[in-house]
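The number in the working numbering is simply the position in the sequence shown, starting from 1, with 1373 added. The beta-carbon is built from N, C-alpha and C at its ideal position, and this holds for glycine as well. Model, not experiment: these values are computed from the prediction.
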Amino acid sequence: MPDVWENTRSRWESVRHAVDGGPAAGVVAATLHGRPGLSVNPIAVTGEAGVGKSVLYDALTQSIRTGDHDSSRSPDIEKHATVLRFGSRRTRAAVTVIPGQLSTQREKALQDTMRGDASPHGIVHVVAWGHNRIWQRASQRDVHAALAADGDVDQEAVRNWHRRKEVADFRLLVDEIIEGQAAQRLRWLIVAVSKCDLYWDRLDEARDYYIPGQAPRESPFALLMRDLENETSLRLSVLPMVSRLMRHQYLPGLPLGTSQLDDAQIGALRTYFGQELHSFITQRNGH
């Protein structure tokens, strides 16, 4: 039986080579007007604050256009009814985007979405390899003070700070899935490694951080992915993703991160991610 992580790594590399080589055929998505609860494919989008969950949904539904204004913070739960189109085939999905901020709203959203009778069939868990956006000035100052107390405040220190929080957040989700407290109808989970245009020149490092099986010492995140493989029958995937072209501010005073890809390459990434999502939604069985 092929190793699941060899297959995952191979899929990641095929996407990267295709993006470096040129654009791919498109996946079209459109909004379906109607109540989300009537859909047969419930999906939850999870992840830390500032990773780009809402903008990823917008990218998948073709709601982003070149020249659009910057994204905005989404503190509330978002529910959408969507039809994903792939060629002549259509797939209906009810997508719930769970806010990343630690708040009573987020806890209620997790409780209602992940533990209810209509818990999702699939989860898209969004990560950013430490490139989370910190929305509030007060929070930016708090992070700067915490990092300054431990050493230099630079881009790598900010990324490490976010990655530690990201692992802690993912661990809570993984533990609840394994223990059967959350998402009891779950069939699949895709990790969307977002904003990868900001670190395309370090994509191998990001790949090895999120996908088990290659690094001599696996990251805490990769170990959690192994736990999901060993303790559940979920179909799993990890793919690079960019939702839109934008600059990234680590913290005020630090150099901005800028995209290393063009619009056509970002479009190809969105296409391949859409193909993977469609495949997972339409396959009824596990691995």
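- DSSP, reduced to helix, strand and coil, places H1621 within a strand of the structure shown.
- For R1389, the closest of F1646, I1654, R1510 and W1561 by C-alpha to C-alpha distance is F1646.
- Counting along the chain, the unbroken beta strand (DSSP E) around P1415 starts and ends at P1415 to G1420.
- Taking a 10 Å sphere around the C-beta of K1481, we find fewer than 16 other C-beta atoms and assign the residue as exposed.
- In the DSSP assignment, L1629 falls outside any beta strand (DSSP E) and carries neither an H nor an E.
- Between the C-alpha atoms of D1636 and R1575 there is a straight-line separation of about 19 angstroms.
- The residues G1473, N1505, K1538, E1539 and D1542, in chain order, have a CB closer than 7 angstroms to that of E1421 in the same chain once the five nearest residues on each side in sequence are set aside.
- The three-state reading of DSSP puts K1481 in helix, counting H, G and I together.
- Residue environment for S1610: buried (at least 16 other C-beta atoms within 10 angstroms of its C-beta).
- Contact between the segment 1553 to 1564 and the segment 1604 to 1619 is present: three or more C-beta pairs spanning the two stretches fall below 8 angstroms.
- As for any alpha helix (DSSP H) of minimum length 4 sitting wholly inside the segment 1483 to 1553, the runs are 1510 to 1523 and 1528 to 1551, ordered along the chain.
- Here DSSP, grouped into helix, strand and coil, assigns P1613 to strand.
- A straight-line Cα-Cα distance of about 7 angstroms links W1534 and G1503.
- Nearest C-alpha to E1451 among K1426, W1573, S1616 and P1613: K1426.
- Inside the segment 1576 to 1609, DSSP marks whole alpha helix (DSSP H) runs of 4 or more residues at positions 1576 to 1583 and 1593 to 1604, from first to last along the chain.
- When the beta-carbon positions are compared, L1650 and L1433 come within less than 9 angstroms of each other.
- When only Cα atoms are considered, G1586 and N1380 end up about 11 angstroms apart.
- For the pair S1616 and L1429, the CB atoms are nearer than the 9 angstroms cut-off.
- For A1565, the secondary structure class from DSSP, reduced to helix, strand or coil, is strand.
- Put simply, of I1416, D1600, A1555 and Q1622 the residue whose alpha carbon is nearest the alpha carbon of T1655 is I1416.
- Each residue's CA atom was taken as its position, placing R1620 and V1566 some 17 angstroms apart.
- If you check the CB distance, I1639 and W1378 do not come in under 9 angstroms.
- Boundaries cannot be given for L1559, as no alpha helix (DSSP H) includes it and DSSP labels it neither H nor E.
- The beta-carbon separation of L1545 and S1632, rounded to 31 angstroms, does not stay under the 8 angstroms limit for a contact.
- Taken through DSSP and simplified to helix, strand or coil, A1555 comes out as coil.
- V1547 is positioned such that its CB atom lies closer than 9 angstroms to that of L1601.
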